[in-house]
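According to our numbering, the sequence shown is numbered sequentially starting from 8.
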Amino acid sequence: MGETHNLLAALALLGVYLMLIPMKALPAVFPYEFLLFAHHSMSAMIGYAIWCHIPADNNRTRVFLYGIGGIFLSSFAFQTAVTLYRNHFWFQSVSLSKNGSFDYIQVQLKLRKPVKVEPGQYINLWVPLGPISSIQSHPFTVANWSPEAQKELKLFVEVNSGLTKTLRDRVELELTSNIGIFTGPYGRRIPVENYETVILIATGLGVVALTPYLQWLVHAARMREVRIAPVHLVWQISSWKQSHTVFDVIDFALALDEREDDLGDGKEAGVLSKTRPHAVKISMYYEEEEPLPPKVQLFIKDMKKKEEEMGGKTRVKVYECQLPLMNVLLSETVMSPTHGHSGKPTLIAASVPRIARNTLVEFARENSRAVDLVLADYQP
Numbered sequence: 008m009g010e011t012h013n014l015l016a017a018l019a020l021l022g023v024y025l026m027l028i029p030m031k032a033l034p035a036v037f038p039y040e041f042l043l044f045a046h047h048s049m050s051a052m053i054g055y056a057i058w059c060h061i062p063a064d065n066n067r068t069r070v071f072l073y074g075i076g077g078i079f080l081s082s083f084a085f086q087t088a089v090t091l092y093r094n095h096f097w098f099q100s101v102s103l104s105k106n107g108s109f110d111y112i113q114v115q116l117k118l119r120k121p122v123k124v125e126p127g128q129y130i131n132l133w134v135p136l137g138p139i140s141s142i143q144s145h146p147f148t149v150a151n152w153s154p155e156a157q158k159e160l161k162l163f164v165e166v167n168s169g170l171t172k173t174l175r176d177r178v179e180l181e182l183t184s185n186i187g188i189f190t191g192p193y194g195r196r197i198p199v200e201n202y203e204t205v206i207l208i209a210t211g212l213g214v215v216a217l218t219p220y221l222q223w224l225v226h227a228a229r230m231r232e233v234r235i236a237p238v239h240l241v242w243q244i245s246s247w248k249q250s251h252t253v254f255d256v257i258d259f260a261l262a263l264d265e266r267e268d269d270l271g272d273g274k275e276a277g278v279l280s281k282t283r284p285h286a287v288k289i290s291m292y293y294e295e296e297e298p299l300p301p302k303v304q305l306f307i308k309d310m311k312k313k314e315e316e317m318g319g320k321t322r323v324k325v326y327e328c329q330l331p332l333m334n335v336l337l338s339e340t341v342m343s344p345t346h347g348h349s350g351k352p353t354l355i356a357a358s359v360p361r362i363a364r365n366t367l368v369e370f371a372r373e374n375s376r377a378v379d380l381v382l383a384d385y386q387p
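What follows is the structure, encoded as structure tokens:
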């Protein structure tokens, strides 16, 4: 009996140690869904081991555990009620399509009830696709933003394993219409409105985490809710075949930037302000050995032609080279002509791989008075 008592205590302690391992460090080795299931199972094991470890006659401690269990069940019931309400007590329509290649999948979630999503937030999506789908929910960043509650959410899914691989298999079989349930939205929102200069830096699909901020800032600038210098999106494109489909969310921001003003100084609504500067500029960097898709070739040709015609003063510039991250950081911050005109630092919001992330952290540390660095929840 004593050995069993000690074994349960050791299991509970081991479970606590395992729960302290950051989940972000493990998805490269194990599927996210497996880690989530293991996390929940470990929580149940810890609770059971502690319950059995406590002597049966220790009523005071057991009352304490009853209280913890009651809080857990109440929280679970509340979250379930919120999920049912946001899903309008039924499944949502989930449409799948490939994104240039089968390395990325585009998901369109059509909602029965509109939901307000802030820039940078994500949802958990569950799609019943097989026997093990009950544990296959996955977080995805919402790629589109609207000032109003939305009835359609766009998600761009990087295919790895688990649910994302299952979704790709469905697209390959042309089974693109599905049903699903979502929870959320979750996540923090970067306070971009507190800055006058904003730089968004992304690599590959990381741009999905930042385009909602681009859309929000353009909208806020048009509505004169904020005063900012043109927002600069710096994007290292991993592969045009995988990335060109996300152009629609970027095109939305560009089109919004060109739209006629809704507010005017003594003018009718809808009259374009000739003095209002553009609120966005985009720099794209790529290195591609394979032949580019025809649409991409035409896009690059048009961008370079516009740049020549306008003497380099275009909103979108395309560079066939690796992103010179340090040069961009210096030219856009401490060496910028506007540096020092405002008492506020420059905000750098990023969604980049680890090596680039380390460079950004080191740069922000060395220039802490001039730069505020914030990393998006999604990091490629």
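For each residue, glycine too, the CB sits at the ideal point set by N, CA and C.
Asked, Found
"Within 8 Å (strictly less), CB to CB, does E315 reach chain D?", "In the displayed structure, chain D is absent; only one protein chain is listed."
"So, at 7 Å on beta carbons, what are the nonlocal neighbours of G194 in its own chain, with the 5 sequence-adjacent residues on each side left out?", "G127, Q128, Y129, D384"
"Quick check: the Cα distance between S144 and A150, rounded to an integer number of angstroms?", "18 Å"
"Would you identify the three-state DSSP class for E314, choosing helix, strand or coil?", "helix"
"Note the first and the last residue of the continuous beta strand (DSSP E) segment covering T148.", "144-148"
"Whole angstroms are fine: how far does the CA of L299 sit from the CA of M291?", "15 Å"
"For F189, which beta-bridge partners are listed by DSSP?", "L132"
"Straight-line CA distance for I53 to T87?", "23 Å"
"Between the alpha carbons of A228 and F254, how many angstroms are there, rounded?", "21 Å"
"DSSP beta-bridge partners for S100?", "K117, I186"
"What whole-angstrom Cβ distance do V238 and L224 have, given they're in contact under 8 Å?", "5 Å"
"How is D309 classed by DSSP in three states: helix, strand or coil?", "helix"
"Considering only residues of the same chain and omitting the five flanking positions on each side of T282, which have a CB-CB separation below 8 Å?", "Any reading at T282 must be qualified, since the residue scores a pLDDT of 48, below 50, and its modelled position is unreliable; the value itself is stated next. Same-chain partners within the cutoff: there are none."
"Assuming V134 contacts V101 under a Cβ cut-off of 8 Å, what Cβ separation, rounded to an integer in Å, is found between them?", "6 Å"
"With a 10 Å radius around its C-beta and 16 neighbouring C-beta atoms as the bar for buried, classify W97 as buried or exposed.", "exposed"
"What residue from A357, H46, N13, V23 has the CA that sits closest to V205's CA?", "A357"
"Run the CB neighbour count on E339, radius 10 Å, all protein chains shown included, and call it buried at 16 or more, exposed below.", "buried"
"CA-CA distance, V214 and H60?", "49 Å"
"Can you give me the Cβ contacts of A363 inside the same chain, cut-off strictly under 7 Å, excluding the 5 residues immediately before and after it?", "T210, L332"
"Are L80 and L116 close, meaning C-beta to C-beta below 8 Å?", "no"
"Once the 5 residues before and after H226 are set aside, which same chain residues still bring their CB inside 7 Å of it?", "P154, L263"
"Would you report the Cα separation of V341 and R231, rounded to the nearest angstrom?", "27 Å"
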